[in-house]
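Asker: One structure, pasted below without further comment.
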Amino acid sequence: MNASPNDSDRYLLRLNGMKRPVTTLIIFATAFVCLLILVLAGAFISVSRTAQLGDAEVANTNIARMIAVQMESTLKTASGSFFQGAAV
8 MNASPNDSDR YLLRLNGMKR PVTTLIIFAT AFVCLLILVL AGAFISVSRT
58 AQLGDAEVAN TNIARMIAVQ MESTLKTASG SFFQGAAV
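Per my numbering, the sequence shown starts with residue 8, numbered consecutively.
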C-alpha cells in the first residue's frame, strides 16, 4: 500500500486549506480581545472621571462655604472693632 505522489499533494493542499481558516480565526479573536480591552479601559476611564468630577464639585462647594463663613466672621470682628473704637 504505497501512497502515490498525487495523493500526497492532495493531502498537503487539504492541510493548507485547513490552516487558513484557523489563522483567520486567531486573527479575528485577537482583534476582538484587543477591542474589548479598549472598550473596557474607556468605560473605566469614563467612570473614574465622573467620580472625580463629583468629588471636585463637593470640594468646591466646601471651599465656598468655608470662605463664606470666614468672611462673615471677619466682617463681624471688623464691625465689632469698628464700633468699639468709635465708642471710645
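Note that CB positions come from ideal geometry on N, CA and C, so glycine has one too.
Rounded to whole angstroms, what is the Cα-Cα separation between residue 28 and residue 20?
Answerer: On the sequence shown, position 21 is the one that residue 28 refers to. On the sequence shown, position 13 is the one that residue 20 refers to. C-alpha separation (whole angstroms): 14 Å.
Asker: Nearest-angstrom Cα distance between residue 69 and residue 86?
Answerer: Here the question's residue 69 lines up with position 62 in the sequence shown. Here the question's residue 86 lines up with position 79 in the sequence shown. Cα-Cα distance, rounded: 26 Å.
Asker: Rounded to whole angstroms, what's the CA-CA distance from residue 76 to residue 88? Just pull it up for me.
Answerer: Here residue 76 refers to the residue found at position 69 when the sequence shown is read from its first residue. Here residue 88 refers to the residue found at position 81 when the sequence shown is read from its first residue. C-alpha separation (whole angstroms): 18 Å.
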